[in-house]
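Residue numbers (my numbering): 1 to 227.
Idealized CB from N, CA, C, for every residue including glycine.
Down below is the structure, laid out as structure tokens.
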Ligand code: NI
């Protein structure tokens, strides 16, 4: 299941992230790829410890912090520090691969199980050709090429690739997260339930059945979440 989160970054945040990344020291993207993914990976990436990465990452994490839809969709327990990549010129594609299941946060002993992957688009889609994120899941093949500031969330278990960028530059932020609810099916049920509860509240207010459904939601979350 792909979840499209629109306008995760405000116009101002987007402009700040772009400005930071414009002058950043991009390097070969194979630095974070596992050995199999490295063979498929042909893009540029920012060193995760450089000042530009830190500054842009803080803006992205701040935006995620206030995004209620992101929270209910991902139910995040740990977020691997967001990274930034760029597809341009001859470094322009990432062939089919699956993301590593467990990642250690550099410089720490902390491990993150990758339940969800996310791409937050920094470039506007009209500024490049190609650069589609193509995801194969149990429901078929889906692709995403979203407006700048939008994010797509998808299960890290999916095979995925980025089609070659044949014109312009595609800059994006990407990240992995461990969810409090490990199982995709359970996460999906909770997400759909929560969205509908919010919709019902908006339509009819906090009538008793809505309050009871909210209670069911929280009791399911309590049953399934590990924190
Ligand atoms: Ni990947």
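Practice task
Take residue 30 and list the residues in its own chain whose beta-carbon comes closer than 6 Å to its own, dropping the five residues that flank it on each side.
Solution key: Same-chain partners within the cutoff: 38 and 41.
Problem - Alpha-carbon spacing of residue 130 relative to residue 8, whole angstroms - result: A straight-line Cα-Cα distance of about 23 Å links residue 130 and residue 8.
Practice task
Give the secondary structure of residue 95 by DSSP, where H, G and I count as helix, E and B as strand, and everything else as coil.
Solution key: In this structure, residue 95 counts as strand in the three-state DSSP scheme.
Problem - Opening and closing residue of the beta strand (DSSP E) in which residue 45 lies - result: Counting along the chain, the beta strand (DSSP E) containing residue 45 begins and ends at 44-46.
Exercise for the section: Would you grab the beta carbon distance between residue 116 and residue 155 for me? Rounded to a whole angstrom, and I think it's under 8 Å. Expected result: 6 Å between Cβ atoms; contact.
Exercise for the section: Grab the span of the beta strand (DSSP E) containing residue 219 for me, first residue to last. Expected result: Unbroken run through residue 219 is the alpha helix (DSSP H), 208-224; no beta strand (DSSP E).
Practice task
Could you check which residue in 178, 3 and 64 has the C-alpha nearest to that of residue 13?
Solution key: Of the candidates 178, 3 and 64, the one whose C-alpha sits nearest the C-alpha of residue 13 is 64.
Exercise for the section: Put residue 59 into one of helix, strand or coil per three-state DSSP. Expected result: Helix at residue 59.
Exercise for the section: Return the first residue and the last residue of the beta strand (DSSP E) that residue 203 is part of. Expected result: Element bounds for residue 203: not the beta strand (DSSP E) but the alpha helix (DSSP H), 184-204.
Exercise for the section: Pull up the DSSP beta-bridge partners for residue 162, would you. Expected result: Note: residue 162 sits in a beta bridge opposite 94 and 133.
Problem - Endpoints, beta strand (DSSP E) assigned at residue 178 - result: Per DSSP, residue 178 belongs to the beta strand (DSSP E) from 170-179.
Exercise for the section: Please confirm whether any heavy atom of the ligand NI lies closer than 8 Å to the CB of residue 160. Expected result: At least one heavy atom of the ligand NI is nearer than 8 Å to the Cβ of residue 160, so yes.
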